[in-house]
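The numbering of the sequence shown is my numbering, which starts it at 1165 and goes up by one.
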Amino acid sequence: MKRQQLLFSFTLATAVLFSILFQSFHGYAHLEDQISQHVCQHEHSHNKAEITHQHKTIEHCAICHFEFGNCLYPKFISYHFFSEFKSISFFSKEQKAIISFSGSLYAHRGPPVGMV
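Following this line, the structure appears as structure tokens:
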């Protein structure tokens, strides 16, 4: 079990390292393309419109724009619980009788009778 876990973690670490290093080395390929292109010098006539050649535009490179990100976007889900809420009054405005306990009896250890 430990060997499988070690192999799995090594494989994931190698995959992440490969993706980062490959992107870095691929940047040198773009640099080589820019160096190998010849520099064009334009001589413009002031009264004429000239179209002699086209410049190569920068293309979208999927390897250069690769980035790690989360693939699960959290959705905010709200649940509405509909229940009947009944207010329970703990203190009654109309108290019928005052309950008092005069004395202490250790055999009766528990809540008073009026609260149960």
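Idealized CB from N, CA, C, for every residue including glycine.
Just so you know, these numbers come straight off a predicted model, no measurement behind them.
Quick one: residues in its chain with C-beta nearer than 8 Å to the C-beta of residue i, no 5 flanking neighbours on either side, listed in chain order?
i: Lys1239; result: none
i: Gln1187; result: Ile1227, Cys1228, Phe1230
Check residue i in the structure and name its three-state DSSP category.
i: Gln1198; result: helix
i: His1190; result: helix
i: Ile1184; result: helix
i: Ala1177; result: helix
i: Phe1249; result: coil
i: Phe1232; result: coil
i: Lys1166; result: helix
i: Phe1172; result: helix
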